[in-house]
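In the working numbering, the protein residues as written are 993 to 1309. Here is the structure we will look at, set down as structure tokens.
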């Protein structure tokens, strides 16, 4: 009996130390915390602008490949770019969008293909879950007991090593190549030009083309797909025009019609539109920066100019 009590006490102490360590002491200031800082900057701009406005919703494809600055200048409406990073749960971005959208606004959603099929487990263990458990525990309650539990127990020894390393680098004044300083006021990424892209030429040449998997595109309907569907329903109920779109990818071969039709049907089922540019948002590999979702800055502006022409008729609705 005494051995059992000792074991129970040791387990309880280990659990307590785990919670204190990852919930109150260590953090990842260069990656996880920076994602929150970016989102806060974008949210602040959105709250400071009037209505009607345009809000871009996706992961890093919105941030790197779309320019709200260009859309603002062309369409004469405030525009907020909520794109942050691919590891951020899409529901975190959607929750932020709800705070700045109102009747008459337009939400354009060029969401990356792989995000639609992310399962519930992945949605609940993204970069934002790590941030919330460390800095904003109360917000985890919105995800229910499962969301709280998955966020609480997603850490490991490698996470501890990464946290200590990032904390040391941050204390030494080290910064990442992209961060708050490289975002413009609207939340667009800037500075990823041709000169900086030289270092990634080999990466882009060897990168696989990013075609949507028609069979698995809308798999796992209880994950990210459910969060997107709930947001589209919210938009319809609140008079916000929601429009899906294609993310920017290589033009090695055209995106097939079947997955486009599947995405269009998904958005229409929730009262939203789906916009396909004449080029299907596809560009030559030389137009991309460091991944197959990130255009170089000059092409980011060209793509946004094409997008502005297609969005203009929707603004009068």
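In this text, a Cβ means the ideal position worked out from N, Cα and C, and glycines have one as well.
Bounds of the alpha helix (DSSP H) holding residue 1053 are 1052-1057. For residue 1112, same chain residues with a beta-carbon under 6 Å away, outside a window of 5 residues either side, are 1214 and 1215 in chain order.
Boundaries of the beta strand (DSSP E) around residue 1100: 1098-1101. Distance from the CA of residue 1081 to the CA of residue 1098, rounded to the nearest whole angstrom, comes to 21 Å. Less than 9 Å divides the Cβ of residue 1202 from the Cβ of residue 1285.
Counting the other Cβ atoms within 10 Å of the Cβ of residue 1045 gives 16 or more, which makes it buried. Here residue 1186 is near residue 1290, since their CB atoms are less than 9 Å apart. Inter-segment contact for the segment 1129-1145 and the segment 996-1004 is absent: fewer than three beta-carbon pairs are separated by less than 8 Å. Boundaries for residue 1049: no beta strand (DSSP E) harbours it, and the DSSP string shows neither H nor E there. Unbroken alpha helix (DSSP H) runs of no fewer than 4 residues, entirely contained in the segment 1168-1211, are found at 1186-1189 and 1193-1198, following chain order. Taken atom to atom, the span from the alpha-carbon of residue 1100 to that of residue 1192 is near 29 Å. Take residue 1156, set aside five residues on each side of it, and the residues of its chain with a beta-carbon closer than 7 Å to its own are 1018, in chain order.
A distance below 7 Å between beta-carbons, with the five flanking residues on each side excluded, links residue 1088 to the following residues of its chain, in chain order: 1031, 1035 and 1074. Here the alpha carbon of residue 1059 sits roughly 26 Å from the alpha carbon of residue 1258. For the pair residue 994 and residue 1152, the Cα-to-Cα distance works out to about 33 Å.
If one requires a minimum length of 4 residues, the alpha helix (DSSP H) runs lying completely within the segment 1206-1272 are 1216-1229 and 1249-1261, in chain order.
Leaving aside the five residues that flank residue 1050 on each side, the residues in its chain whose CB is nearer than 7 Å to its CB run, in chain order, 1075, 1101, 1102, 1103, 1104 and 1239. Looking only at 1223, 1263, 1270 and 1260, the smallest Cα-Cα distance to residue 1246 is reached by 1270. Leaving aside the five residues that flank residue 1174 on each side, the residues in its chain whose CB is nearer than 7 Å to its CB run, in chain order, 1181, 1182 and 1183. Close CB contacts of residue 1124 within its chain, under the 7 Å cut and outside five residues either way in sequence, are with 1131, 1132 and 1143 (chain order). In this chain, the alpha helix (DSSP H) harbouring residue 1012 covers 994-1012.
Taking a C-beta distance under 9 Å as the contact criterion, residue 1261 and residue 1235 do not qualify as a contact pair. The alpha-carbon separation between residue 1090 and residue 1038 amounts to approximately 11 Å. Per DSSP, the unbroken alpha helix (DSSP H) holding residue 1085 starts and ends at 1082-1092. Taking C-alpha positions only, residue 1122 is separated from residue 1129 by approximately 10 Å. Contact annotation: residue 1294 and residue 1212 have beta-carbon atoms that are not nearer than 9 Å.
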